[in-house]
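Residue numbers (the working numbering): 21 to 229.
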C-alpha cells in the first residue's frame, strides 16, 4: 500500500493560532511531479476519482462541484496552474479550501492545502484533526497516484483503512495534528481532548480510553 510512517513524516501540518472567528488547518507535501501534472491531478474531473472521490459539476471559476458522498461547493478563485479556492459545504456547515502549488524544481512540486473552518461547536468538540485526518488520508491516495500514474484501488484503500496498519496511520495522524494544535497555542487539555474525540470518530474507539 504505502509506507505509513514515511507518509506521516513527509507531510507538514500547521494550525493557525486560536482567538479568531476562523482557524486554518494547512497540510503540505512535496511530490516528484511537475506543477502541470499535480494541477491536473487536483482539478481534472476525470482524474480526481483516480485518487480521491468521484466528482460532478462545473469545475471552473464560479462553477459548483459535488464530491460523491462528501462535500460540495463553489469555486471562488482559480489561477491555473498554481492556485484555486472553493467553499467546502457539508450538511449545514460551510468552510473553505485553498490549494496552492509551487515548483521547487522542474520535476518537484510542493502542494499546500489550507482548510479554513469557523470556530464553532464542531471545532470545539473535534479541533483540527476533524479535517486534518481526512486530508492525511486523501494525500495517501494522491501520493500513490502520482508515484504510479495509475488509479488507486478504492477497495484496497478501504481494506487498508480498516486494517491495523490503517488504524495506526490514523492514530499517528491524530497525534501529529494534536502536536500542531498545541504548537499553535491551544491549551493542552483542549487540544488533547479534541484529538481523542476525533480519533474515536474515525476509528470507532473510546475517546476516554
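C-beta atoms are modelled at their ideal positions from N, C-alpha and C, and glycine is treated no differently.
As the structure is a computational prediction, the values presented were derived from the model and not from experiment.
Look at residue 82 here: in three-state DSSP terms it is coil, with no helix or strand label. Contact between residue 102 and residue 120 holds: their C-beta atoms lie close to 7 Å from each other, under 8 Å. Closest in C-alpha terms to residue 205, from the list 25, 22 and 38, comes 38. Spanning the alpha carbons of residue 198 and residue 160 requires a straight line of approximately 19 Å. In this structure, residue 154 sits away from residue 45, with a CB-CB distance that is not shorter than 8 Å. Excluding five sequence positions before and after residue 96, the CB atoms of its chain that fall closer than 7 Å to its own CB belong to 105, 106 and 107, given in chain order.
Exposure of residue 89 is indicated by the presence of fewer than 16 other C-beta atoms within 10 angstroms of its C-beta. Nearest in C-alpha terms to residue 142, of all of 24, 172 and 42, is 42. Taking residue 35 as the centre and dropping the five residues before and after it, the same chain places the C-beta of 45, 148, 200, 201 and 204 closer than 6 Å to its C-beta, in chain order. Straight through space, the alpha carbons of residue 49 and residue 31 are spaced by roughly 5 Å.
For residue 73, no alpha helix (DSSP H) run applies, since DSSP gives it neither H nor E. DSSP places residue 105 within a strand segment (E or B) once states are collapsed to three. Rounded to the nearest whole angstrom, the CA to CA distance from residue 196 to residue 82 is 35 Å. Between the segment 131–139 and the segment 170–183, the count of Cβ pairs shorter than 8 Å is below three; the stretches do not touch. As computed with DSSP, residue 115 is found in a beta bridge with 108. Excluding sequence positions up to five before and after residue 98, its CB lies within less than 8 Å of the CB of 80, 81, 104 and 105, all in the same chain and listed in chain order. Bounds of the alpha helix (DSSP H) holding residue 153 are 149–168. At least 8 Å separates the beta-carbon of residue 212 from that of residue 190. The continuous alpha helix (DSSP H) containing residue 177 extends over residues 174–181. The three-state reading of DSSP puts residue 47 in strand, counting E and B together.
Excluding the 5 residues flanking it on each side, residue 145 has same chain C-beta neighbours closer than 8 Å at 214 and 217, in chain order.
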